[in-house]
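Participant: Please find one structure pasted underneath; my questions will follow.
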Amino acid sequence: MYTAEEIKRAKEKAKKASLFDPKIKSYTQTQQTIRNHRKKYGRHPNSRQTPPPPADAANTHHQSEVPVSVYPSDLGNDFTGPCSSGSPLQLPLSRTSALPALPALLNETPTQPTISGSNSVLETFSQPQSPSIPWYPEFTGFSYSDSRSPSPSSQPACLPHATYPSDRDPDFVDGDPVSDVFLFGQGLASLSISSVSKSLEFSCGNDGGGDGNNNGDDSQGDDKDGSDKPRGGGDNPNDSDNPDDPDDPDDPDDPENPDDPDGVQVLDPPIQVPPDDVGDIPGDPGDDNVPLEIPALNEHPTLLNIYLRVWILYAFYGATQNIIQAMLESHQFALLSCGDFYPPEFLVEIHNMPTTLRSLEYRLGMDFSSLITIYPVCPETNCGKRYTMEELYALRDPQCIRHAHADQCPGILYAESILADGTRKRTPAKSFPYNSLPRALGRLLSRVGMADLMQHWRRNNNPNDQPLQHPPEPQHPQEWHDTMDPNARFGDMSRAWGWSAQATGMRRRFDDGEYGDEPTGDAPLSLARCILGLNIGLNMDGFGAFKGKFAAGGSYSVNGVYIVINNLPFYQRGLIENMLLAMVIPGPHEPKGYAFEQMLEPLIDDLVALANGMELPVYNSDTGQLEQCLVHANLSVLIVDWIARLKCIGHVGVVAEENHCPYCKIQQCMLGVAEGYQPEGYDSRDPHEHLQDKHRWLRAPEHEREDIRQETGTLFTEFDRIPGFFAFDNAPIDAMHLLDLGVTATIARSIVFGHGMLRKQFNQQDVDDSPEGRFDAFLARTIFPYHCSRIPTSAERMNTRTKAERWRLLRLVMPVAYFEAWRVGDAIPVADIPRGGRHTKHRKTQVKSAGALLERRFRVHAMRAGDLDDDDFGPPPQLEDCMSSRNPRDYYANIMRYCVGSTYLTRHRVTLAEVEQGEAFLAQVGESFTEMNVNLTPSFHAMTHLGDHIRKYGSVYNTLTARFERANRLLGNINTNGHSRGVLETTMAKGFLRRTECNRYVTELQSIEQPSPDDTVTTEALLRAMRNGPEHEVQRGRLEAILAGEAPMHGQEEIWLATTSAQVNFHEDKHRRYYNLIVRFCNENRTPPLQDVVFYGLGVPPDEGEMQVHISPSNSTRSYPHFHRYGICYGSANHYRGLKSRYGYIFNRVPVLIQGIYKVMARVWGWELS
12 MYTAEEIKRA KEKAKKASLF DPKIKSYTQT QQTIRNHRKK YGRHPNSRQT PPPPADAANT
72 HHQSEVPVSV YPSDLGNDFT GPCSSGSPLQ LPLSRTSALP ALPALLNETP TQPTISGSNS
132 VLETFSQPQS PSIPWYPEFT GFSYSDSRSP SPSSQPACLP HATYPSDRDP DFVDGDPVSD
192 VFLFGQGLAS LSISSVSKSL EFSCGNDGGG DGNNNGDDSQ GDDKDGSDKP RGGGDNPNDS
252 DNPDDPDDPD DPDDPENPDD PDGVQVLDPP IQVPPDDVGD IPGDPGDDNV PLEIPALNEH
312 PTLLNIYLRV WILYAFYGAT QNIIQAMLES HQFALLSCGD FYPPEFLVEI HNMPTTLRSL
372 EYRLGMDFSS LITIYPVCPE TNCGKRYTME ELYALRDPQC IRHAHADQCP GILYAESILA
432 DGTRKRTPAK SFPYNSLPRA LGRLLSRVGM ADLMQHWRRN NNPNDQPLQH PPEPQHPQEW
492 HDTMDPNARF GDMSRAWGWS AQATGMRRRF DDGEYGDEPT GDAPLSLARC ILGLNIGLNM
552 DGFGAFKGKF AAGGSYSVNG VYIVINNLPF YQRGLIENML LAMVIPGPHE PKGYAFEQML
612 EPLIDDLVAL ANGMELPVYN SDTGQLEQCL VHANLSVLIV DWIARLKCIG HVGVVAEENH
672 CPYCKIQQCM LGVAEGYQPE GYDSRDPHEH LQDKHRWLRA PEHEREDIRQ ETGTLFTEFD
732 RIPGFFAFDN APIDAMHLLD LGVTATIARS IVFGHGMLRK QFNQQDVDDS PEGRFDAFLA
792 RTIFPYHCSR IPTSAERMNT RTKAERWRLL RLVMPVAYFE AWRVGDAIPV ADIPRGGRHT
852 KHRKTQVKSA GALLERRFRV HAMRAGDLDD DDFGPPPQLE DCMSSRNPRD YYANIMRYCV
912 GSTYLTRHRV TLAEVEQGEA FLAQVGESFT EMNVNLTPSF HAMTHLGDHI RKYGSVYNTL
972 TARFERANRL LGNINTNGHS RGVLETTMAK GFLRRTECNR YVTELQSIEQ PSPDDTVTTE
1032 ALLRAMRNGP EHEVQRGRLE AILAGEAPMH GQEEIWLATT SAQVNFHEDK HRRYYNLIVR
1092 FCNENRTPPL QDVVFYGLGV PPDEGEMQVH ISPSNSTRSY PHFHRYGICY GSANHYRGLK
1152 SRYGYIFNRV PVLIQGIYKV MARVWGWELS
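Take 12 as the starting number for the sequence shown in this note's numbering and just add one per residue.
Shown next as structure tokens:
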């Protein structure tokens, strides 16, 4: 008899078996459900599979025996095992990383598509693992080249990734992996567009030779309803308002929306600001040159610690003014109660303690009323006239007094209220704070050691770097080119030609019909040879100020204007405490034209004055006193994105046909032919001629200015008043916006995905096996470093909202990802990707792109021939002549050129030879895409100018805008205390300055040689409140400088172990297997003084060496969760603190999974060694 349980199990099995009975109606899952399940859980090894194609004459070569190269690892083991067409390891059937042989794991079910190597560095050991590559048991016929490998019969087959069935493209030609190694490697620079690609027919419904009726194949596996809606919620590439569409006429190179509320991540702690008295008339600011004094720094350390800890409660934890006053009074009474024990001078200081918030901030130097000037402006969009607070109170009514075309501006400047004491208070409707640049520089130079730090770049062995009391004239750029070794690496701005060529001691004026610079003395002075000559950079970036419920009234964009001192070391330049917030430009929208000029005028006035030299307080490290010194400061570089650059230099937009490029005079229609990407043929702009065009616009009557702007491509801005500043010549391209958000995004999103180059390669191809499916699968199984927060996801999900970091990471893996997507076997075949049916979004995108390219080439044809009907010149181009290529080999070669060229130019330290090579590759990218009939955005032309900017300003990291986004994040996180438009920007500015002073106090406290416990508590409280802000900023900037080779370690160890550790007992199971590895490692990595020392583990001492040292299994070793090597974190896979950083490379790029981090202590000849 059967039990009830057995009968129940039998019924369940019968029920499941009924699904496979063809006579019984089955309820199968949809294909999408099956695909989603397989993506998430994988494919069961015993599931029903489509059998592989027969080994006929058409594809016999795909099933031939494929040798697997075997390389010995450092442990002397070999690895032979199953490979998969879906694995990144098969590239193409040759490995660069050695893997240990693990025959016992070959038949195990794979669980994770990653690989690990063996061995480790001094304190890291990894556990060898199986490559864990999926395989299918029914595929057979694989053989091994190594006789020591397991027999083929016991191993799964490794087939090429995709073999076309019998109805595949008749023009399909297999690629040759051996020749491709050369073509896509050393021969990349000379690789031409493939000539075997099919003709780019336009009228047919599909590429299979159909009759034009599509035959139900409009979708080619996607968009079966014929709609243009993009998959996965991505942007429609056919949308005419898509700013990232290369065919969009609006603005193809504006990848960022300044009003985007998600543009800045607010992660820093909020900073509170006390209520402002913006409505009051400011008092006399006093002498600009009075040396900066912070009274609290001269008081008793106990009182300073009390002030700081009380102020922290207000600034970071929301304490009210009344609570602060009560705490200060409480501290004062407590100290006075013990007055009998204190010396008289300390009692005097206690009696003079501040007891209110305002007096406390004055004592701590947090009162910025003498630094910030508030300017009311007209809120009318077409006006924006600037006033002073004195002028505001002198007005008889609140209406703006500016007249335009005989009409008075209707803008209302202020709202008036009567206070309790009868005082009338006028609150501006719109205002902006300006932080006086000379005072801010004086405050910066008053810091201990800051002036000395600004001299770090001077080389003692180079007399041309030494400061002089009477500086010579600037160096001519040609002298730099003549003396610079083509193979010498340089990265810092001080090593490029623009540094020594910067002139100072100049004034700019219009004289004898010419607008230009003339020296204030006998001759121009070299800014680099001045005793204190500051090379200044300026950034202007916007972000959404309101979040959540505050955004109900619409977007509100705020722009911070920042000043950086390029004389500082690279890792110090972008720190918050060393960055000057010059002003906060108010919203709700970015000002333009007259309003923009009005707001910039105070800053420009100070920059003009500083170019002639000003007396500022400077800390003299020799005397230990503040002294008045002559300081020259020149604005040498604008560090802004593409749109802000055009706005600051007054250039026309990138959509203009004439003068679309700020750096050369090429017409935009030339971007449709190869000449648009050949730098040797450019007609570069002359800075002095360009300046004359600007002043010509300024002198012209109002009705003539627009014609002059269209003719010359520029207009006069406030920046053109600064001596030595020449618009485009001082505005280099930002590599992040150009390459990451510009070119990389366009290639991946528009050129490849938007044009359907990841479509199915043939009808009925499985979605997971299509180029798009393999591309997405590769990204899904790629392991990125732990600090990469935004990693590439899938082809269709990366759209206009994708951040720069994601595009940058995609550029790193592009060559492998697209090879994996397009390969058939070990090579990319010479076969066109189908265009898709007429009603698919991919075909519509191709037609739209061809139309935009045709328009450009029509203009080129007219410009060259003079007449479109000129038979001698040839017929005008037709639409079918502009349809893009479909050969993936051509696309892959160009993507390789772009990746190689951009890598050359984005190194921290480059050589002139590398710059020249990178320029050549990037120029080839534009030329080749044009020959392939791909319509390109202006970014592809702009990147051909990148090499010139590197020669002038050094590494692209010197002019990168990313560091200012951190400053905007801090600015946007100021607690505005409910302040609305009008005084919002002033509140933000004061909060930013408070944060910089917090960093300064941390530096002061950490510089104490023998801090008391009270000092330590205060330091920790500051760091905890700021979430270790300065520590993280220093580490981030220092790492960049070390990678750039511009800064030595200065005591920073190569390896930083975690502060917590645990004692290891190798008798325990989790550590036992690493004991012999550690002993072996200690013997194999002995330093020369220890060559006669032999380390041993269990057992008797070996009979060798002069001294035998026992590594105790119970008390010699400690385990750590993670460590930092040159600033990069690596963690243990067996500890929750190191789990996210458990992957790394060792020994010539061998990938490993770090299983443990150990530090061994041993006593040798009386010395404790680790």
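Even for Gly, the Cβ is constructed at its ideal location relative to N, Cα and C.
Under 8 Å by Cβ, that's how I've got residue 547 and residue 445 pegged, so tell me the actual separation to the nearest angstrom.
Facilitator: Position 536 of the sequence shown, counted from the start, is the residue given in the question as residue 547. Position 434 of the sequence shown, counted from the start, is the residue given in the question as residue 445. Rounded, the Cβ-Cβ distance is 16 Å, inconsistent with contact.
Participant: How many Å lie between residue 728 and residue 195 at the Cα?
Facilitator: Looking up residue 728 in the sequence shown gives position 717. Looking up residue 195 in the sequence shown gives position 184. Each residue's alpha carbon lies about 47 Å from the other.
Participant: Would a C-beta distance cut-off of 9 Å place residue 518 and residue 530 closer than the cut-off?
Facilitator: Here residue 518 corresponds to residue number 507 of the sequence shown, with the count starting at 1. Here residue 530 corresponds to residue number 519 of the sequence shown, with the count starting at 1. Yes, these two residues count as a Cβ contact at 9 Å.
Participant: Under the rule that 16 or more other beta-carbon atoms within 10 Å means buried, what is residue 344, buried or exposed?
Facilitator: Numbered from its first residue, the sequence shown carries residue 344 at position 333. Answer is exposed; the Cβ neighbour count stays below 16.
Participant: Residue 621 and residue 645: beta carbons closer than 9 Å?
Facilitator: Working through the sequence shown from its first residue, we reach residue 621 at position 610. Working through the sequence shown from its first residue, we reach residue 645 at position 634. Yes.
Participant: Go ahead and pull the three-state DSSP assignment for residue 1123.
Facilitator: Along the sequence shown, read from residue 1 onward, the residue named residue 1123 stands at position 1112. Of the three classes helix, strand and coil, the one that applies to residue 1123 here is coil, per DSSP.
Participant: Using CA atoms only, rank isn't needed, just tell me which of 681, 764, 812 and 390 is closest to residue 602.
Facilitator: Counting from one through the sequence shown, the residue named residue 602 turns up at place 591. Closest option to residue 602, Cα to Cα, is 390.
Participant: Short check: CB of residue 1130 to CB of residue 1157, under 9 Å?
Facilitator: Here residue 1130 is taken as the residue at index 1119 of the sequence shown, counted from 1. Here residue 1157 is taken as the residue at index 1146 of the sequence shown, counted from 1. Result no, Cβ atoms of residue 1130 and residue 1157 do not sit closer than 9 Å.
Participant: Could you give the C-beta distance for residue 975 and residue 550, rounded to a whole number, given that I count them as a contact under 8 Å?
Facilitator: Numbered from 1 along the sequence shown, position 964 holds the residue referred to as residue 975. Numbered from 1 along the sequence shown, position 539 holds the residue referred to as residue 550. The Cβ separation is near 4 Å, so the contact holds.
Participant: Select from 434, 965 and 617 the residue whose C-alpha is nearest the C-alpha of residue 504.
Facilitator: For this step, residue 504 is matched to residue 493 along the sequence shown. The shortest Cα separation from residue 504 among 434, 965 and 617 belongs to 965.
Participant: From residue 573 to residue 925, what distance separates their C-alpha atoms?
Facilitator: Counted from its first residue, the sequence shown places residue 573 at position 562. Counted from its first residue, the sequence shown places residue 925 at position 914. Each residue's alpha carbon lies about 32 Å from the other.
Participant: Can we say the stretch 700-715 touches the stretch 674-683, given the rule of at least three CB pairs closer than 8 Å?
Facilitator: No, they do not touch.
Participant: Just to confirm, is the Cβ distance from residue 1122 to residue 1110 under 9 Å?
Facilitator: Position 1111 of the sequence shown, counting from 1, holds the residue named residue 1122. Position 1099 of the sequence shown, counting from 1, holds the residue named residue 1110. No.
Participant: By Cβ distance, which residues of its chain are closer than 6 Å to residue 1047, with the 5 residues on each side in sequence left out?
Facilitator: Sequence index remark: in the sequence shown, residue 1047 carries index 1036 (1-based). Per-residue confidence for residue 1047 stands at a pLDDT of 44, beneath the threshold of 50, marking its modelled position as unreliable; the derived number appears in the next sentence. None.
Participant: Are the beta-carbon atoms belonging to residue 659 and residue 764 less than 9 Å from one another?
Facilitator: Numbered from its first residue, the sequence shown carries residue 659 at position 648. Numbered from its first residue, the sequence shown carries residue 764 at position 753. No.
Participant: Answer with buried or exposed for residue 497, where buried requires no fewer than 16 other C-beta atoms within 10 angstroms of its C-beta.
Facilitator: For the purposes of this step, residue 497 is identified with residue 486 of the sequence shown, where counting begins at 1. Under this definition residue 497 is an exposed residue.
Participant: So what does DSSP say about residue 805, is it helix, strand or coil?
Facilitator: The sequence position of residue 805 within the sequence shown is 794, counting from 1. Coil.
Participant: Measure from the alpha carbon of residue 756 to the alpha carbon of each residue in 809, 736, 853 and 715, then state which is nearest.
Facilitator: Counting from 1 along the sequence shown, the entry for residue 756 is found at position 745. Nearest option by C-alpha distance: 809.
Participant: Assess contact between the stretch 998-1007 and the stretch 969-985, defined as three or more Cβ pairs (one per stretch) separated by less than 8 Å. Is contact present?
Facilitator: Cβ pair count under 8 Å is three or more, so yes.
Participant: Looking at residue 387 and residue 398, is the spacing between their C-beta atoms short of 9 Å?
Facilitator: For the purposes of this step, residue 398 is identified with residue 387 of the sequence shown, where counting begins at 1. For the purposes of this step, residue 387 is identified with residue 376 of the sequence shown, where counting begins at 1. It is a contact, given that the beta carbons lie within the stated cut-off.
Participant: Among the candidates 800, 804 and 370, whose CA atom is the shortest distance from the CA of residue 787?
Facilitator: If you number the sequence shown from 1, residue 787 lands on position 776. Of the listed residues, the one whose Cα sits closest to residue 787 is 804.
Participant: Under 8 Å: do the stretch 1004-1020 and the stretch 367-383 share three or more Cβ pairs, one atom per stretch?
Facilitator: Enough Cβ pairs lie closer than 8 Å, so yes.
Participant: Do the stretch 685-693 and the stretch 930-939 meet, that is, are 3 or more Cβ pairs less than 8 Å apart?
Facilitator: Enough Cβ pairs lie closer than 8 Å, so yes.
Participant: When you compare each of 1083, 835 and 371 to residue 187 by their alpha carbons, which one comes out closest?
Facilitator: Along the sequence shown, read from residue 1 onward, the residue named residue 187 stands at position 176. Ranking the options by Cα distance to residue 187, first place goes to 835.
Participant: Count the other C-beta atoms from every protein chain shown that fall within 10 angstroms of the C-beta of residue 1175, then say buried if there are 16 or more, exposed otherwise.
Facilitator: The residue you call residue 1175 lines up with position 1164 of the sequence shown. Answer is exposed; the Cβ neighbour count stays below 16.
Participant: Taking residue 522 as part of the alpha helix (DSSP H), name the residues at either end of that continuous run.
Facilitator: Taking the sequence shown and counting its residues from 1, one reaches residue 522 at position 511. Looking at the DSSP string, residue 522 is not in any alpha helix (DSSP H); the run it does join, the beta strand (DSSP E), is 517-522.
Participant: Just grab the DSSP bridge partners of residue 643 for me.
Facilitator: Numbered from its first residue, the sequence shown carries residue 643 at position 632. Answer is 544.
Participant: Helix, strand or coil: which one does DSSP assign to residue 858?
Facilitator: Within the sequence shown, residue 858 is the residue found at index 847, counting from 1. Looking at residue 858 - three-state DSSP - the assignment turns out to be helix.
Participant: Comparing alpha-carbon positions, which option in 348, 525 and 318 lies nearest residue 335?
Facilitator: Looking up residue 335 in the sequence shown gives position 324. Comparing Cα positions, the closest option is 318.
Participant: When the Cβ atoms of the stretch 758-773 are set against those of the stretch 818-836, are three or more pairs found closer than 8 Å?
Facilitator: Verdict: yes, contact present.
Participant: If we ignore side chains and look at the alpha-carbon of each, how far apart do residue 404 and residue 437 end up?
Facilitator: Here residue 404 corresponds to residue number 393 of the sequence shown, with the count starting at 1. Here residue 437 corresponds to residue number 426 of the sequence shown, with the count starting at 1. Rounded to the nearest angstrom, the two C-alpha atoms are 7 Å apart.
Participant: CB-CB under 7 Å to residue 440, same chain, minus the five flanking residues each way: which ones, in chain order?
Facilitator: If you number the sequence shown from 1, residue 440 lands on position 429. Hits under 7 Å: 390, 423, 424, 425, 426 and 993.
Participant: Could you tell me the alpha carbon to alpha carbon distance between residue 492 and residue 508, rounded to whole angstroms?
Facilitator: Numbered from its first residue, the sequence shown carries residue 492 at position 481. Numbered from its first residue, the sequence shown carries residue 508 at position 497. Spanning the two alpha carbons is a distance of roughly 8 Å.
Participant: Could you check which residue in 475, 1075, 1100 and 500 has the C-alpha nearest to that of residue 1089?
Facilitator: Indexing the sequence shown from 1 puts residue 1089 at position 1078. Cα-wise, what sits closest to residue 1089 is 1075.
Participant: Could you work out which residue in 474, 311 and 369 is closest to residue 1026 when comparing CA atoms only?
Facilitator: Numbered from its first residue, the sequence shown carries residue 1026 at position 1015. The shortest Cα separation from residue 1026 among 474, 311 and 369 belongs to 311.
Participant: Since residue 437 is in the beta strand (DSSP E), which residue starts that stretch and which ends it?
Facilitator: Numbered from 1 along the sequence shown, position 426 holds the residue referred to as residue 437. 435-439 is the extent of the beta strand (DSSP E) around residue 437.
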